[in-house]
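Comments concern the structure below.
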Amino acid sequence: MERTLIILKPDAVQRGLIGALVSRFEQRGLKIVGLRLLAVSRELAHRHYAVHEGKPFFAGLIDYITSGPVVVMAAEGPNAIAVVRSTVGATRPGEAAPGTIRADYGLTVGRNLVHASDGPETAAAELDLWFGADALADYTRDVDRWILE
Ligand code: DAT
Ligand code: MG
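Going from the sequence shown to the numbering used here is simple: count from 1 and add 1051.
And the structure:
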């Protein structure tokens, strides 16, 4: 089992896509173990995107992620990190595969709707950054025997 962080960015919230996008992950069978809506401070944005500091798009990225409230989710499942990345699609929506969130709802890299952790180390660090150590829910779902073999 893995856990990973998903952020529905301000454009997704403003466009009224919270329900539709949360549904994508639920329908895939992933279990939501954390969910909250919050305004993002520039300090939190800098920490989240620290790896991109110094790149030409960094300032615009910080402006974008702090431009309105976001929804942060923790999702759990087998290979959840890769499964979520494949559901989200390629960074540039114009290059994302049809059926992925970024292809189905997006056109430009600066409004690509969703963030998803890209590996085990970043998932652990991002879950800690956005949820803290012990805020995630441990629970079982009766339906899991129909989703997980
Ligand atoms: P991803 O979000 O697919 O993990 P990333 O980590 O490389 O992609 O970059 C983080 C975000 O930064 C990405 O969602 C959108 C923005 N971004 C990346 N490359 C960019 C570029 N060349 N121009 C503008 N924005 C970019
Ligand atoms: Mg990334």
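Ideal Cβ placement from N, Cα and C applies to all residues, glycine included.
query: When DSSP labels each residue in this structure, what does Arg1054 get in the three-state scheme?
result: Residue 1054 sits at position 3 when you count from the first residue of the sequence shown. Reduced to three states, the DSSP call for Arg1054 is strand.
query: Which residues in the same chain have their Cβ closer than 7 Å to the Cβ of Gly1161, if we skip the five residues on either side of it in sequence?
result: Position 110 of the sequence shown, counted from the first residue, corresponds to residue 1161. If you ignore the 5 residues before and after Gly1161, its C-beta comes within less than 7 Å of the C-beta of Gly1111 and Tyr1115, all in its own chain and listed in chain order.
Environment of Thr1103 [buried if 16+ CB atoms lie within 10 Å]: Along the sequence shown, one-based indexing puts residue 1103 at 52. Here residue 1103 is His; the residue named in the question, Thr, does not match the sequence. His1103 is exposed by the Cβ-count criterion.
- prompt: With respect to 7 Å, is the separation between the Cβ of His1099 and the closest non-hydrogen atom of ligand 1 below this value?
  reply: If you number the sequence shown from 1, residue 1099 lands on position 48. Because no heavy atom of ligand 1 lies under 7 Å away, the Cβ of His1099 does not count as near it: no.
task: Specify the secondary structure class of Val1121 as computed by DSSP and reduced to three states.
output: As a position in the sequence shown, residue 1121 is number 70, starting the count at 1. DSSP places Val1121 in strand when its eight states are reduced to three.
task: May I ask you to report which of helix, strand or coil DSSP gives Gly1128?
output: Against the sequence shown, residue 1128 aligns to sequence position 77. For Gly1128, the secondary structure class from DSSP, reduced to helix, strand or coil, is strand.
field: Rounded Cβ spacing between Thr1138 and Arg1079 (contact assumed at less than 8 Å)
entry: Along the sequence shown, read from residue 1 onward, the residue named residue 1138 stands at position 87. Along the sequence shown, read from residue 1 onward, the residue named residue 1079 stands at position 28. About 6 Å separates the two Cβ atoms, so the contact holds.
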